[in-house]
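For reference, the structure discussed in these notes is given below.
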Amino acid sequence: MAQPITKIVHPARTEKELQEQSLEAILTDLAKSGDGIREMIRLLNELHESGILGSVNGLVEAKEKVAGIAVEQLLRPQITNAINNMMAAAGALSETNPDMTKKLMGALGSGLEKAEKGLAADEKVGIFDLLKALKDPDINRAIGFGLNLLKGVGQGLKE
Amino acid sequence: MENTLTVQINGETQQVKEGTRVLDHLLQQGVEHPHICYSETLGPIQTCDTCMCEIDGKVMRACSTEIKEGMNILTSSPTAKEAQNEAMDRILENHLLYCTVCDNNNGNCKVHNTAELMEVEHQERPFREKGYEVDMSHPFYRYDPNQCILCGKCVEVCQDLQVNETLTIDWERNMPRVIWDNDKSINESSCVSCGQCATVCPCNALMEKSMLGEAGFMTGIKQDLLDPMVDLIKEVEPGYGSIFAISEVEAAMRETRTKKTKTVCTFCGVGCSFEVWTKGRKILKIEPTEDAPVNSISTCIKGKFGWDFVNSDQRLTHPLIRKGDEFVTATWDEALSVIGEKMGSIKQQYGSNAFGFVSSSKTTNEEAYLMQKLARQIFETNNVDNCSRYCQSPATDGLLSTVGYGGDSGTIKDIENAGLVIIIGANPTEGHPVLATRVKRAKKLRGQKLIVSDLRKHEMADRSDLYLHPKQGSDLVWLAAVTKYIIDQGWHDEAFIKERVNQYDEYLAVLEKYTLDYAEEVTGLSKEQLMEAARMIHEADGTCVLWGMGVTQNIAGSHTSAAIANLLLATGNFGRTGAGAYPLRGHNNVQGSCDMGTLPQWLPGNQRLTDDAARAVFEEAYGVSISPDAGLTNIEMLQEVEKGRLKAMYLMGEDMAWVDSNSNHVHEMLSKLDFFVVQDVFFTKTAQFADVVLPASPSLEKDGTFTNTERRVQRLYQALEPLEESKPDWWIIQQVARTMGADWNYSHPSEIMDEIASLAPIFAGVSYDRLEGWSSLIWPVQKDGSDEPLLYTGRFNFPDDKARFSLVDYVQPVDFEKEFDLILNNGRLLEHFHEGNMTNKSKGIQYKLPEVFVEVSPELARERGMQDGSTVRLISPYGFIKLRSIVTDRVQGNELYVPMHSVSHENAINILTGSVGDVRTQTPAYKQTKVRMEVINVKGRTPLPMYNPRYAERNPQAGVQVERKWARADYEPIADVNLPVGGLK
Numbered sequence: 001m002a003q004p005i006t007k008i009v010h011p012a013r014t015e016k017e018l019q020e021q022s023l024e025a026i027l028t029d030l031a032k033s034g035d036g037i038r039e040m041i042r043l044l045n046e047l048h049e050s051g052i053l054g055s056v057n058g059l060v061e062a063k064e065k066v067a068g069i070a071v072e073q074l075l076r077p078q079i080t081n082a083i084n085n086m087m088a089a090a091g092a093l094s095e096t097n098p099d100m101t102k103k104l105m106g107a108l109g110s111g112l113e114k115a116e117k118g119l120a121a122d123e124k125v126g127i128f129d130l131l132k133a134l135k136d137p138d139i140n141r142a143i144g145f146g147l148n149l150l151k152g153v154g155q156g157l158k159e
Numbered sequence: 001m002e003n004t005l006t007v008q009i010n011g012e013t014q015q016v017k018e019g020t021r022v023l024d025h026l027l028q029q030g031v032e033h034p035h036i037c038y039s040e041t042l043g044p045i046q047t048c049d050t051c052m053c054e055i056d057g058k059v060m061r062a063c064s065t066e067i068k069e070g071m072n073i074l075t076s077s078p079t080a081k082e083a084q085n086e087a088m089d090r091i092l093e094n095h096l097l098y099c100t101v102c103d104n105n106n107g108n109c110k111v112h113n114t115a116e117l118m119e120v121e122h123q124e125r126p127f128r129e130k131g132y133e134v135d136m137s138h139p140f141y142r143y144d145p146n147q148c149i150l151c152g153k154c155v156e157v158c159q160d161l162q163v164n165e166t167l168t169i170d171w172e173r174n175m176p177r178v179i180w181d182n183d184k185s186i187n188e189s190s191c192v193s194c195g196q197c198a199t200v201c202p203c204n205a206l207m208e209k210s211m212l213g214e215a216g217f218m219t220g221i222k223q224d225l226l227d228p229m230v231d232l233i234k235e236v237e238p239g240y241g242s243i244f245a246i247s248e249v250e251a252a253m254r255e256t257r258t259k260k261t262k263t264v265c266t267f268c269g270v271g272c273s274f275e276v277w278t279k280g281r282k283i284l285k286i287e288p289t290e291d292a293p294v295n296s297i298s299t300c301i302k303g304k305f306g307w308d309f310v311n312s313d314q315r316l317t318h319p320l321i322r323k324g325d326e327f328v329t330a331t332w333d334e335a336l337s338v339i340g341e342k343m344g345s346i347k348q349q350y351g352s353n354a355f356g357f358v359s360s361s362k363t364t365n366e367e368a369y370l371m372q373k374l375a376r377q378i379f380e381t382n383n384v385d386n387c388s389r390y391c392q393s394p395a396t397d398g399l400l401s402t403v404g405y406g407g408d409s410g411t412i413k414d415i416e417n418a419g420l421v422i423i424i425g426a427n428p429t430e431g432h433p434v435l436a437t438r439v440k441r442a443k444k445l446r447g448q449k450l451i452v453s454d455l456r457k458h459e460m461a462d463r464s465d466l467y468l469h470p471k472q473g474s475d476l477v478w479l480a481a482v483t484k485y486i487i488d489q490g491w492h493d494e495a496f497i498k499e500r501v502n503q504y505d506e507y508l509a510v511l512e513k514y515t516l517d518y519a520e521e522v523t524g525l526s527k528e529q530l531m532e533a534a535r536m537i538h539e540a541d542g543t544c545v546l547w548g549m550g551v552t553q554n555i556a557g558s559h560t561s562a563a564i565a566n567l568l569l570a571t572g573n574f575g576r577t578g579a580g581a582y583p584l585r586g587h588n589n590v591q592g593s594c595d596m597g598t599l600p601q602w603l604p605g606n607q608r609l610t611d612d613a614a615r616a617v618f619e620e621a622y623g624v625s626i627s628p629d630a631g632l633t634n635i636e637m638l639q640e641v642e643k644g645r646l647k648a649m650y651l652m653g654e655d656m657a658w659v660d661s662n663s664n665h666v667h668e669m670l671s672k673l674d675f676f677v678v679q680d681v682f683f684t685k686t687a688q689f690a691d692v693v694l695p696a697s698p699s700l701e702k703d704g705t706f707t708n709t710e711r712r713v714q715r716l717y718q719a720l721e722p723l724e725e726s727k728p729d730w731w732i733i734q735q736v737a738r739t740m741g742a743d744w745n746y747s748h749p750s751e752i753m754d755e756i757a758s759l760a761p762i763f764a765g766v767s768y769d770r771l772e773g774w775s776s777l778i779w780p781v782q783k784d785g786s787d788e789p790l791l792y793t794g795r796f797n798f799p800d801d802k803a804r805f806s807l808v809d810y811v812q813p814v815d816f817e818k819e820f821d822l823i824l825n826n827g828r829l830l831e832h833f834h835e836g837n838m839t840n841k842s843k844g845i846q847y848k849l850p851e852v853f854v855e856v857s858p859e860l861a862r863e864r865g866m867q868d869g870s871t872v873r874l875i876s877p878y879g880f881i882k883l884r885s886i887v888t889d890r891v892q893g894n895e896l897y898v899p900m901h902s903v904s905h906e907n908a909i910n911i912l913t914g915s916v917g918d919v920r921t922q923t924p925a926y927k928q929t930k931v932r933m934e935v936i937n938v939k940g941r942t943p944l945p946m947y948n949p950r951y952a953e954r955n956p957q958a959g960v961q962v963e964r965k966w967a968r969a970d971y972e973p974i975a976d977v978n979l980p981v982g983g984l985k
């Protein structure tokens, strides 16, 4: 004869027994991945000693606040403008012919070198020198480049 | 005849089958062409406009344009591209791309993927909100109008696939949106929570609430941080390319964490399959797919949202052993050794027939098979049965005696394609919801005819062309009378009968008395109704009969089932598509548990115990002799307990104490057992009587196969680890067998299936490899793997290949004393499953349908002075229950209806039902119960919350109605051709 019963007794397993049970499971996992664990400990020590771990912990603990602050900062018009500028600049750059950019950068370099030498010589430049310089093919090329550049920018501004 | 057309596609000459649409062709060719609103299931609904092509110089939709000879189709000409981009721009005006912090960023977001495919970098029209609140009112899903792109896929599924007809798009208002009914909150609408709208939504506008804040790595962020992050993305307006890149990385990260497992639903016999998405033990969502062979993208509330029970804190997690008047948790070793000791000594003392084994219609085929093997091999008894004894045995019996196979004649496709569907004593919109959608869809889109015979005017009855309300238990009479009338009119299929059916003359003699006059007298149906039914069958191109427990749970349910087969045989409705007999199996594996031989007179593979050759095969395999004499049914087992001859029972996955009829009697019998083992997921009422309770794992925690109502075998894969010490049933049975000294060594259910295939010819070709993923097999399966979705095309399953008319007669319903003046009908409601101990763990389901009640007709309510919420006591000769009432015209006159979803002593239906059963199969006549009613309190709270969909009105219309969008004054056409696609999709 078995009357229906609803009482279920869980044998009072002590806190210690439960702890031992979960410890045992963890130990099995640890034993299975000894190498990895040892490496992990080395890395942890490094991070701890260098203080990185501490600051990361702090950041993580305050993650919502920090993220809130960061996003709020990012949302300031100056910053969104800056991001937009950067992205626009990045976009413009990516459209420019890289060969031309290379040439220009090279030219700038040699120009700077020359200019530095001139500066060291401490030469005075008069009106006449300026006119004479226009006849120099290198200077002429640079001025032509500059004028065309200005024209291009002007056209761009008109659109 | 299919002709081949020659067309130019992007300058290349291609051959295309006539009747193919451009988009279908492109997708078949593996061309990645933009499209959002189109899907194979729904067809071209033409709302998103992203699939535009340039066809013979015109801008036209790829989805809706049928390819014609000589067409010149350009999929990405500048004109086509411009049209596509314009369409996408209009979509992005409605949808903000915050993909990385969106829970729908799981690699399958259609809007995201299409925008990325189109290499959209910027949008012309800035995003703007529509000015509506997010609707969070429903327990299972939400609608965010501000993310809604108005593609109307949700409307399309609700109107034309699920056919619940709740959702529409209000195209005429200034800012169109999806609305529920006439713009109610979702929760108060007629929505039945099937979840299909959320399944098909191509973005995050409609989402399962279980996904919110859970699916992504960054989506759990609180709103006050999320909003500024979304704002930031808006402010900096990066090119979308970079947004997509980041969100793709995040989606890839999710892939590693979200586990997607194919499973098969356990909430009815339809056999829906889908993916379950899990994160650890958390169930993120159910994700249906068009690959699923039965249901495609369809689900019901239970399959889509009813899985909370798996993680319920009420799960059994350790074996329990009865000690005095309490259960003590034990280890598996302890529990098994108690079982071994007790069952061993009972076997020694009383022999094999002192044991009874009860298997489950919810466990897998492999588990059912092992249960009968445990009974037959280890305990050497045929005393093994399963709970289909309580529901479907009469249907099986009726088919076995006429056409030879105890299963559905065809598949859900045949039901869909039938000219006429007759539903008798079944309520498929609630009991088999996804199957019902196919009938509703065929009716709505194609004009399929529908006859419903039922006491209750449920949804299908409401939708029927002919609703029959016969007197309780009299279906056989009208079926026979209609058959006779058809034959008298010469509308029967004489050639079919002559060639393929035996016992015609004898049958005609039996039919003699079933005149229309006699039927009118016995059933209460009018002659006109009967003649109309006959005419509809005669005129239909194929008739399918679907039946359920309104037929089977009667004193002669097996006779009525045979009468159904007779009608179909007489009219030649077997062995052809769109026709046949379809008993609707109620649980996920009713079919399979019977196929596996957990029956007292059948061996696995539906082989009779009396078949000497078949028995010899099992005797050799099992190394024991097997008696040809039938064992005990569930019902007989309890009778033997009463006589003191059956001493021990082993029961798996069945709450017999509430599910068998006449509960008080069952409880008494169970308490008389010497030894009782119960194996279940929960601590059921039945388990309270046990000596040892074993914790089992539900379907999501194991591998295996189920066989659905179509005879379709499908695999389920393990999605979660078994909870704590619970174990899959096959593992448990194996341990019990080993404890009893057996040498069983199955390491995976696939090995059990291999054994089944080797012993049961109709499973000869079944293997796990052939059932991989979404593949399925419909038995009988030949060794080479060919299966048989449609039975009886060549032969009926008898030695002479011929069917036979059944010659059984009408049996009058059970008699009751006069004081029991009300007929008590009982059965299911959509939201809950069986006695409810799985679905009642779902908060959302409990919220929508918290308790059982009694439905009372308006006439009876007036007569007894009752109203919604009145508390009554129902008293039968076997017991009494107390519950509150709902006044509804779903029931009429003196007929009551009580749902079966209760595990409470206060209102469980089977406290009232009696012990009389079907004359051939002993299935209890649950439906033949009469009661008297006492009103305890007239006034009270209604037991059905006002936000239950049963109160709301549906809003039928044909699909999403894109033409109303086109008619808007502010609509500028993108395509040169805008034509609604009429008719079938």
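As you go down the protein sequences, you meet chains S and L in turn. Following UniProt numbering, the numbering of the first sequence begins with 1 at its first residue and continues without gaps. Following UniProt numbering, the numbering of the second sequence begins with 1 at its first residue and continues without gaps. C-beta atoms are modelled at their ideal positions from N, C-alpha and C, and glycine is treated no differently.
Judged by DSSP in its simplified three-state form, L:Val157 adopts helix. L:Thr871 and L:Glu863 have their C-alpha atoms spaced approximately 15 Å apart. Leaving aside the five residues that flank L:Ala737 on each side, the residues in its chain whose CB is nearer than 6 Å to its CB run, in chain order, Leu374, Ile378, Trp744. Runs of the beta strand (DSSP E) lying entirely within the region 225–279 of chain L, each at least 3 residues long, are 259–264, 273–279 in chain order.
The beta carbon of L:Gly572 sits closer than 7 Å to the beta carbons of Asp493, Phe496 from its chain, once the five residues preceding and following it are set aside; these are given in chain order. By the neighbour-count criterion, in which 16 or more other beta carbons inside 10 Å mark a residue as buried, L:Phe763 falls on the buried side. Note on the region 397–421 of chain L: whole alpha helix (DSSP H) runs with a minimum of 4 residues are 412–417, in chain order. Ranking L:Ala533, L:Leu206, L:Ile451 by CA distance to the CA of L:Ser137 puts L:Leu206 first. Judged by their CB atoms, L:Leu525 and L:Ala519 are nearer to each other than the 8 Å cut-off.
Contact between the region 915–924 of chain L and the region 100–115 of chain L is not established, with fewer than three Cβ pairs separated by less than 8 Å. Neighbours of S:Leu75 in chain L, taken as residues at a C-beta separation under 8 Å, are given in chain order as Pro228, Asp231, Leu232, Glu235. Identification of chain L residues near S:Gly68 by a Cβ-Cβ cut-off of 9 Å yields Asp224, Leu225, Pro228, ordered along the chain.
Of all alpha-carbon atoms in L:Arg254, L:Val328, L:Asp170, L:Glu116, the one lying nearest the alpha-carbon of L:Tyr240 is that of L:Glu116.
For S:Ala12, there are no CB contacts under 7 Å within the same chain when 5 residues up- and downstream are skipped.
For L:Lys130, the CB contacts under 7 Å within the same chain, skipping 5 residues up- and downstream, are Pro145, Asn146, Met175, Arg177 in chain order. The beta carbon of L:Phe820 lies closer than 6 Å to those of Lys930, Val931, Arg932 in the same chain, with the five residues before and after it left out.
Positions of the alpha helix (DSSP H) runs, each at least 4 residues long and wholly inside the region 434–516 of chain L, are given as 459–463, 475–488, 494–500, 504–511 in order along the chain. Residue environment: S:Ile139 is assigned as exposed (fewer than 16 neighbouring CB atoms within 10 Å of its CB, all protein chains considered). Secondary structure at L:Cys544: strand, using DSSP grouped into helix, strand and coil. Of the candidates L:Arg173, L:Tyr717, L:Ala426, the residue whose Cα lies closest to the Cα of L:Ala969 is L:Arg173. Just measuring C-alpha positions, the residue of L:Gly773, L:Asp784, L:Val814 sitting nearest L:Ala757 is L:Asp784.
The C-beta of L:Glu366 has 16 or more other C-beta atoms within 10 Å across all chains shown, which makes the residue buried.
L:Arg281 counts as exposed, since fewer than 16 other beta carbons sit within 10 angstroms of its beta carbon. In the DSSP assignment, L:Cys594 falls within the unbroken alpha helix (DSSP H) covering 590–595. At a beta-carbon threshold of 8 Å, the residues of chain S lying near L:Arg322 are Ala2, Ile5, ordered along the chain.
Any Cβ of chain S closer than 8 Å to the Cβ of L:Ser904 would place that residue at the interface, and such an atom is absent.
Residue contact check for L:Phe127 against chain S: no CB pair falls below 8 Å. Per the coordinates, the alpha-carbon of L:Leu567 lies some 51 Å from the alpha-carbon of L:Asn104.
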